Amino acid sequence: MVYIGFLHLWSPIVFGILSYFSNTIFIYIILRKTRSSFGAYKYMLMSFGIFDIMYSTVDMVVAMGSHSEGNTFCVFVSHGPFAHDIELGFKALCVRCMFFSLSYGVLEVHFIYRYIALCRPKWIFIFSEPKWITVMALGVFGQGIVWFCSVYFCMWSDDEMRSYLEVPFRRDYNADVHKIPILGSTYWGASTKLIVRTSAGIVIISIISCWTIFFCIWTGYTIFKTLNTADMSKNTKKMHRNLLKALAIQTFIPFAISYVPCVVAWSVPIIHVDTKSLNNFTAVIAVAAFPFIDPLAIMLFLPDYRNSLFRIFLPCFFNPTRTYPETTAGEVSGRTTNT
Numbered sequence: 004m005v006y007i008g009f010l011h012l013w014s015p016i017v018f019g020i021l022s023y024f025s026n027t028i029f030i031y032i033i034l035r036k037t038r039s040s041f042g043a044y045k046y047m048l049m050s051f052g053i054f055d056i057m058y059s060t061v062d063m064v065v066a067m068g069s070h071s072e073g074n075t076f077c078v079f080v081s082h083g084p085f086a087h088d089i090e091l092g093f094k095a096l097c098v099r100c101m102f103f104s105l106s107y108g109v110l111e112v113h114f115i116y117r118y119i120a121l122c123r124p125k126w127i128f129i130f131s132e133p134k135w136i137t138v139m140a141l142g143v144f145g146q147g148i149v150w151f152c153s154v155y156f157c158m159w160s161d162d163e164m165r166s167y168l169e170v171p172f173r174r175d176y177n178a179d180v181h182k183i184p185i186l187g188s189t190y191w192g193a194s195t196k197l198i199v200r201t202s203a204g205i206v207i208i209s210i211i212s213c214w215t216i217f218f219c220i221w222t223g224y225t226i227f228k229t230l231n232t233a234d235m236s237k238n239t240k241k242m243h244r245n246l247l248k249a250l251a252i253q254t255f256i257p258f259a260i261s262y263v264p265c266v267v268a269w270s271v272p273i274i275h276v277d278t279k280s281l282n283n284f285t286a287v288i289a290v291a292a293f294p295f296i297d298p299l300a301i302m303l304f305l306p307d308y309r310n311s312l313f314r315i316f317l318p319c320f321f322n323p324t325r326t327y328p329e330t331t332a333g334e335v336s337g338r339t340t341n342t
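Numbering (our numbering) for the sequence shown: 4 to 342.
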């Protein structure tokens, strides 16, 4: 076991429990409170909640630490059932990293749905046909597999990489780096073979990350422009704007508390900056918080879900007889009504 600190040890567990709670409430509200006008989007929202629960489970089971110092960045299994088996722990670590990419894929599919619903409504049928649903699921899983393979085949640690981390791990964690499941990248001052192999893995995962951010920004901007010019009812336009806001928040959350800290962690050794064990608080803990915060964006930005949430937790203060503007059938599916 590598003891890093109280916050690092308990934050994945605490955030995992909170994630189970928030996503269970989220799924319950979707099942019980979503109108039929949501169509296939109802099940896509459920996929968010189910995936976040899986994400939290993997995060708790595969306890991950991170360290950047000298010429090397690494992530490692700090404690838990995979901490004492180097080979099995390495594979578990690769799966844990794969979920980072899968979270991108799930987000991309939701942006695709909103884009098609608003900008290409004649294609909306693909979200109700099993073959197209399978294609999209395979696309998300395929992106995760590419991430998995990039770390599994490129970023495995050899004796040379571990030698650069031996002193830091003894100093900061009182641990033997040769007994810890670990993967990472070495950028300079090492053998050409090690630098090329591990840097290739970093380049691949960086491309996936940059592509996801670019895709979400481009799609979101296109949706925003279409909303400004589309001929539709006020209720329909308001619903689309709320959904776009929710997606924007869902993009910002992983970008701010997951993508940026992780990119900084694996990039700073290139410019000779030592963040050392600070990565465990800026990246690892932040990543653990993501699946708990994620469903809150939708529940707070969609009026129907927000009202349902308040009815559950504030029944004494929320007036159940109050009425709210009803959305029209087709607001979410992409069919518009003239003003």
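Think of the CB as a built atom: it goes at the ideal place given N, C-alpha and C, for glycine as much as any other residue.
Predicted, not measured: the structure shown is a model, and the values here were computed from it.
Please report whether the beta-carbon of ASN282 lies at a distance below 8 Å from any beta-carbon of chain D.
As a matter of chain content, chain D is missing from the structure shown, which is built from one protein chain.
Can you check the stretch 74-103 for any beta strand (DSSP E) of at least 3 residues that lies completely inside it and give the ranges in chain order?
Restricting attention to beta strand (DSSP E) runs no shorter than 3 residues, the stretch 74-103 encloses them at 75-82, ordered along the chain.
Would you call the stretch 182-189 in contact with the stretch 220-231, where contact means no fewer than 3 C-beta pairs closer than 8 Å?
no
Where do the N-terminal and C-terminal ends of the alpha helix (DSSP H) with HIS243 fall, by residue?
For the purposes of this step, residue 243 is taken as the residue at position 240 of the sequence shown. That run of the alpha helix (DSSP H) goes 237-257.
Can you list, in chain order, the residues of its chain with a C-beta nearer than 7 Å to that of SER22? Leave out the 5 residues immediately preceding and following it.
If you number the sequence shown from 1, residue 22 lands on position 19. Within the same chain, SER22 has close Cβ partners ASP55, ILE56, SER59, PRO294, PHE295.
Any idea what DSSP makes of ILE185, helix, strand or coil?
Looking up residue 185 in the sequence shown gives position 182. Residue state, collapsed to three classes: strand.
Under the three-state reduction of DSSP, which class applies to HIS70: helix, strand or coil?
Here the question's residue 70 lines up with position 67 in the sequence shown. Of the three classes helix, strand and coil, the one that applies to HIS70 here is strand, per DSSP.
Which one of PHE9, THR201, LEU110 has the shortest CA to CA distance from ILE273?
The residue given as residue 273 occupies position 270 in the sequence shown. Of the candidates PHE9, THR201, LEU110, the one whose C-alpha sits nearest the C-alpha of ILE273 is THR201.
Using the Cβ count rule (16 or more neighbours within 10 Å means buried), how would you classify TRP214?
Numbered from 1 along the sequence shown, position 211 holds the residue referred to as residue 214. Classification of TRP214: exposed, given that the 10 Å Cβ count is below 16.
Once the 5 residues before and after PHE9 are set aside, which same chain residues still bring their CB inside 7 Å of it?
By 1-based counting over the sequence shown, the position of residue 9 is 6. Hits under 7 Å: none found.
Do HIS11 and VAL287 come within 8 Å of each other at the CB atom, strictly closer than that value?
Numbered from 1 along the sequence shown, position 284 holds the residue referred to as residue 287. Numbered from 1 along the sequence shown, position 8 holds the residue referred to as residue 11. Cβ atoms of VAL287 and HIS11: closer than 8 Å.
Whole angstroms is fine: what's the gap from PHE114's alpha carbon to ALA120's?
Locating residue 114 in the sequence shown gives position 111, where the first residue counts as 1. Locating residue 120 in the sequence shown gives position 117, where the first residue counts as 1. Roughly 10 Å between the two C-alpha positions.
Whether or not the stretch 249-257 and the stretch 165-176 are in contact is what I'm after, with contact meaning three or more pairs of Cβ atoms, one per stretch, closer than 8 Å; do they touch?
no
In this structure, what does DSSP give as the bridge partners for LYS279?
Within the sequence shown, residue 279 is the residue found at index 276, counting from 1. Its beta-bridge partners are SER71.
I'd like to check one pair, ASN283 with ILE7: are the Cβ atoms closer than 8 Å?
Indexing the sequence shown from 1 puts residue 7 at position 4. Indexing the sequence shown from 1 puts residue 283 at position 280. Yes. Within cutoff.
May I ask you to verify whether the stretch 25-33 touches the stretch 297-316, counting CB pairs closer than 8 Å and requiring at least 3?
yes
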